[in-house]
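Heads up, the sequence shown is in numbering that gives the first Met the number 0, so the first residue is 0 and it goes up one at a time.
The beta-carbon is built from N, C-alpha and C at its ideal position, and this holds for glycine as well.
Keep in mind it's a predicted model, so treat the numbers as computed, not measured.
To start, the structure itself, in structure tokens.
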Amino acid sequence: MTQLLRAQRRLWAAIEQQTTTPPTQHRRIYQHIKHQLVTHPDGEHGVWSILRQRADLALYKPQRLSDVIEETLLEDNQPITVLRSPSGHYLCLSTAERELWQAMDGTRTIAQLATMGFLRFKQLLPVADLVETLRAQGFLTDTSVGVYRHLRHYLAQQTAEGIGQRLLSFTHGRSFELQHVDRWFDLLYRWGGRWLFTRFFAIVLGMLTIIGITCYFLPGVGGSDLVSDEHLAGDMLMLGMALFITLTLHEIAHGLAVKHFGRHVGRAGIMLYFGMPAAFVDTSDIWLAPHSARMLVSLAGPLCDLLVGS
Numbered sequence: 000m001t002q003l004l005r006a007q008r009r010l011w012a013a014i015e016q017q018t019t020t021p022p023t024q025h026r027r028i029y030q031h032i033k034h035q036l037v038t039h040p041d042g043e044h045g046v047w048s049i050l051r052q053r054a055d056l057a058l059y060k061p062q063r064l065s066d067v068i069e070e071t072l073l074e075d076n077q078p079i080t081v082l083r084s085p086s087g088h089y090l091c092l093s094t095a096e097r098e099l100w101q102a103m104d105g106t107r108t109i110a111q112l113a114t115m116g117f118l119r120f121k122q123l124l125p126v127a128d129l130v131e132t133l134r135a136q137g138f139l140t141d142t143s144v145g146v147y148r149h150l151r152h153y154l155a156q157q158t159a160e161g162i163g164q165r166l167l168s169f170t171h172g173r174s175f176e177l178q179h180v181d182r183w184f185d186l187l188y189r190w191g192g193r194w195l196f197t198r199f200f201a202i203v204l205g206m207l208t209i210i211g212i213t214c215y216f217l218p219g220v221g222g223s224d225l226v227s228d229e230h231l232a233g234d235m236l237m238l239g240m241a242l243f244i245t246l247t248l249h250e251i252a253h254g255l256a257v258k259h260f261g262r263h264v265g266r267a268g269i270m271l272y273f274g275m276p277a278a279f280v281d282t283s284d285i286w287l288a289p290h291s292a293r294m295l296v297s298l299a300g301p302l303c304d305l306l307v308g309s
């Protein structure tokens, strides 16, 4: 019993010694931390400094990407700048916002950019909103992670509504993209598509349209039912194929118009639209072209429909 009590006393004495006198290795760690705090109380690249800059938006120093494409256009006699990020996002900037964008070289804080904009344009510019938009759409060197957005999306997916939306997504909005679509549209344009944008073809299109409308209103010309009761399944299949071909030609016309103005076709493929297959072509790059070019790209699809209907 006496030996047991002595062993317990020695154990508690050892624990007390460890708590009151930390080991040499621990003392060295604490001494190193104390030395760093004394010699570098507010280091520029320290952990706390970086955290403080991240938390304080006014101290954030935005830096633009070097491979962003810029185009300056005239809209209502006012210059605007359209940016295209490497990720395929587009953003329209005013003259003041363009100067702020050019000044985002990683050396100026948001507060300094706001001061510069006020001194230059005599007005308070929404610098913080502009920076957040640029970062969210991939125009800056550091991208926005969106932790809370992803968490909200994950939690929403676990609800009954989220499960229903996932089931609905199988029949709506699912897309199957083709590879190297810009090269295919470029070849299609050079192999004959460029003739669709000539004055001669415009005259032919006008004549065919007039003939088609005239024939439609001629006396004695009657229509027929698209779907009959006797061949319902076959007629529905043929009608679906006709609609698919028409929509495909419609989208191809948009893509050829984009190539006509020397712009890039970003994406193209097949998507499910409420269970029905439909073609799509991404014409976003035409935003880097003048207003007249954008108008013609928008009209290319309806003009193709007019030609098919005639």
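- Around the beta carbon of Leu217, fewer than 16 other beta carbons lie within 10 angstroms, which makes this residue exposed.
- Note: Gln101 is not bridge-paired with any residue in the DSSP secondary-structure output.
- The alpha-carbon separation between Ile79 and Met240 amounts to approximately 43 angstroms.
- Distances from the alpha-carbon of Met103 to those of Leu118, His88 and Val126 put Val126 closest.
- The region 189 to 209 makes no contact with the region 265 to 279, as fewer than three CB pairs between them are under 8 angstroms.
- Here Arg97 has Thr80 as same chain residues with Cβ atoms under 6 angstroms from its own Cβ, once five neighbours each way along the sequence are excluded.
- As the crow flies, the alpha-carbon of Ile68 is around 48 angstroms from that of Thr213.
- Inter-residue distance for Glu176 and Phe120 is about 45 angstroms (C-alpha atoms, whole angstroms).
- Within its own chain, the residues whose Cβ lies closer than 7 angstroms to the Cβ of Gly265, once the five positions on either side in sequence are excluded, are Gly87, Asp281, Ser283 and Asp284, listed in chain order.
- With a contact defined as Cβ atoms closer than 8 angstroms, Ala299 and Ala256 qualify at about 4 angstroms.
- In the three-state reduction of the DSSP assignment, Ser65 falls in the coil class, being assigned neither a helical nor a strand state.
- Within the same chain, Gly105 and Thr108 come within 6 angstroms of Lys60 by CB-CB distance, once the 5 residues on both sides are set aside.
- Taking C-beta atoms as the reference points, Leu92 and Gly116 fail to come closer than 8 angstroms.
- The secondary-structure analysis by DSSP pairs Thr71 across a beta bridge with Thr80.
- Between Lys258 and Phe138, the C-beta gap is not smaller than 8 angstroms, which leaves the two residues out of contact.
- Nearest neighbour of Thr140 by Cα position, chosen from Phe196, Leu64 and Thr132, turns out to be Leu64.
- Approximately 44 angstroms separates the beta-carbon atoms of Phe260 and Ala232; this is outside 8 angstroms, ruling out the contact.
- Boundaries of the beta strand (DSSP E) around Ile269: Ala267 to Tyr272.
- Put simply, the backbone Cα of Leu118 is about 11 angstroms away from that of Gln111.
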